[in-house]
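The structure appears right after this line, and notes come after that.
There are 2 protein chains.
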Amino acid sequence: MIKKTFYNLPEEKRQRIIEAVMKEFSGSSADKVSINRIIKIADISRGSFYQYFDDKVDLVEILIGTFADMSIDRIYQALQSSNGDIFYTYIRLFDIITEFEKDESQRLILKNLLKNIKANDSLILDYLTNRFKGFEKLQKIEEYFNRDILKYKDDYDVKCLTQILTQILKNSIFNVFVSGKDCGKVRESYIRKIEIIKSGAIIKE
Amino acid sequence: MIKKTFYNLPEEKRQRIIEAVMKEFSGSSADKVSINRIIKIADISRGSFYQYFDDKVDLVEILIGTFADMSIDRIYQALQSSNGDIFYTYIRLFDIITEFEKDESQRLILKNLLKNIKANDSLILDYLTNRFKGFEKLQKIEEYFNRDILKYKDDYDVKCLTQILTQILKNSIFNVFVSGKDCGKVRESYIRKIEIIKSGAIIKE
DNA sequence: ATAAAATTGTGACAGTCAGTCATATGATAG
DNA sequence: CTATCATATGACTGACTGTCACAATTTTAT
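Sequence order for the protein chains is E and P. Heads up, the first sequence is in this note's numbering, so the first residue is 1 and it goes up one at a time. Heads up, the second sequence is in this note's numbering, so the first residue is 206 and it goes up one at a time.
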């Protein structure tokens, strides 16, 4: 948990720390990140660091929060404009997240961040979902989806479907940022997968 | 890379080390595993350890290899007996892997192993796929699947389909071992997801 | 059998790290 | 002016990994 002392800090100092964290994370993957180096770069004392943060996890939270802040408006907009089409929404999500690939610094930070994230960690997408919970009108992303076009309509089915799509999205994002695969090709394969999920893999008899 | 010196070791000593590794991994998650403790338990010197292994990664390889060895026969059998039904095969894979949940020690090791595995790490399933490459007659698991019942038949489509199924399988395995969710419930949801992928999520018009 | 060479074993050591704690400094209020 | 509270500091502890010069052992050659 990021402590309240961090938010009490004068803007200048807080920014200095955030920048040091970003610098460290663009050079080392999450498990190699050194608090020693960060306090050196940010020019704060060891004791101070532990007065602001519990541990490295807090630093990850800062970074993910930063990325989330940068894209939350566009995601909100994508949800609004998709008219409840769950498949279209997931394609838009991919595009919004891979926007970060264009900025070299952001790409590196995301790479190092994702590289060592635990396999079942919630990460950005779930972080965003949590953020959305704060929105008055939304409880879950799922509620956005128009069920009229879906074959299965009860909550359990919709949940299964979003879980499948989220898994495929996560995996594609990893292929782009961590494995460094060509974004266009990954997108192509991602869309193909969505198509399969949409219309089914077996022939109708 | 596990060094050849490790395999030159007398059986007794090698077993002592493997047991020490298993003991350590059943008590600590992969990132907390201590080489110090392992060499103490196995009663070998620090220098020796580094003559057998490069680093912790090798220990993970030992363990995954052990689990793979335990299940490879059953997986091979499952592939043979499924008559090329890719969906049935993936359900069998889930069942074979979750067998390990019944043994408390194996459950703990797998939990600690999976907990910190990098999100896009190959893991057991891919490890097994690689093993299969060693088999004379097999190149990839995919070649086992009968494409006649599939709507899409070219290589690209089959690859996309197996990737989707593998992702869903991985996620379900994590839910069982790491998140500690009820195996029966996870299985139910896993089968539901396979059903959706199989027959499609949208209504036919 | 003996010497030489290759392999394996050893633990002290250097360098790094995270987290703690007694103490110092600064700010605020009575 | 002093008491209280919030913040800052860096030395310190204990733990960790990977290395290296040297010792012991086994293998090979003579």
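Using N, Cα and C, we set each Cβ at its ideal position, and we do this for glycine too. The model shown is predicted, which means the values in this text are computed figures rather than measured ones.
Our contact map puts Ile38(E) next to Val60(E) with C-beta atoms below 8 Å; I'd like the distance itself, whole angstroms only. Going by Cβ atoms, the distance from Ile38(E) to Val60(E) rounds to 13 Å, so no, they are not a contact pair.
In the DSSP output, which residue or residues are listed as bridge partners for Leu63(E)? DSSP, once it has assigned bridges, lists no residue as partnering Leu63(E).
Output, in chain order, the set of chain P residues within a Cβ distance shorter than 7 Å of Tyr144(E). Result: empty, since nearest Cβ-Cβ is about 16 Å, beyond 7 Å.
Interface positions of the region 151-164 of chain E facing chain P (Cβ-Cβ less than 9 Å), listed along the chain: Lys151, Tyr152, Tyr156, Asp157, Lys159, Cys160, Leu161, Gln163 and Ile164
For my contact list, Ile314(P) and Phe258(P) are in at a C-beta cut-off of 8 Å; report their separation, rounded to the angstrom. Contact flag wrong, Cβ pair sits at about 18 Å.
Return helix, strand or coil for Leu355(P), following the three-state DSSP convention. strand
Cβ of Ala30(E) within 7 Å of any chain P Cβ: no
My assumption, with CB atoms under 8 Å, is that Cys388(P) sits in contact with Glu304(P). Please give the rounded CB distance. With 8 Å as the limit, Cys388(P) and Glu304(P) do not qualify as a contact, their Cβ atoms being about 10 Å apart.
Quick one: does Ile191(E) have its CB under 7 Å from some CB of chain P? no
Could you give the residue range of the alpha helix (DSSP H) that holds Asn288(P)? Premise fails: Asn288(P) is in no alpha helix (DSSP H) and is neither H nor E.
Any 3 or more C-beta pairs closer than 8 Å across the region 380-398 of chain P and the region 149-163 of chain E: yes
For the region 72-85 of chain E against the region 171-179 of chain E, are there 3 or more C-beta pairs whose distance is under 8 Å? no
DSSP three-state assignment for Ile249(P), whether helix, strand or coil: coil
If we cut at 7 Å on Cβ distances, does Ala283(P) have a partner in chain E? no
Indicate whether Ala406(P) and Lys151(E) have their beta-carbon atoms separated by less than 7 Å. yes
State the Cα-Cα distance for the pair Phe254(P) and Ala247(P), rounded to the nearest angstrom. 10 Å
Nearest-angstrom Cβ-Cβ length linking Ala283(P) and Ile301(P), presumed shorter than 8 Å: 6 Å
How would you label Lys153(E), buried or exposed, when you count the other beta carbons within 10 angstroms and need 16 or more for buried? exposed
Quick check on the DSSP output: the alpha helix (DSSP H) that includes Phe211(P) runs from which residue to which? Lys209 to Asn213
Return no unless some Cβ of chain P is closer than 7 Å to the Cβ of Ser199(E). yes
Please list, in chain order, the chain P residues whose beta carbon lies closer than 8 Å to that of Asn36(E). None at all; the shortest Cβ gap to chain P is about 18 Å.
Taking Val57(E) and Leu114(E) to be in contact with their CB atoms under 8 Å, please state how far apart those CB atoms are, rounded to whole angstroms. About 15 Å separates the two Cβ atoms, so there is no contact after all.
Judging by CA-CA distance, which residue of Arg74(E), Phe94(E) and Gln51(E) is the nearest neighbour of Lys4(E)? Gln51(E)
Between the region 167-178 of chain E and chain P, which residues of the former have a C-beta closer than 8 Å to a C-beta of the latter? Gln167, Ile168, Lys170, Asn171, Phe174, Asn175 and Val178
When we look at the beta-carbon of Glu217(P) and count the other beta-carbons within 10 Å, is it buried (16 or more) or exposed? exposed
Label Tyr90(E) either buried or exposed according to how many other C-beta atoms from any shown protein chain fall within 10 Å of its C-beta, with 16 as the threshold for buried. buried
When the Cα atoms are used, what is the spatial distance from Phe87(E) to Arg352(P)? 26 Å
Just to check my reading of the structure: Phe25(E) and Asn112(E) have Cβ atoms closer than 8 Å, yes? What is that Cβ distance to the nearest angstrom? 5 Å
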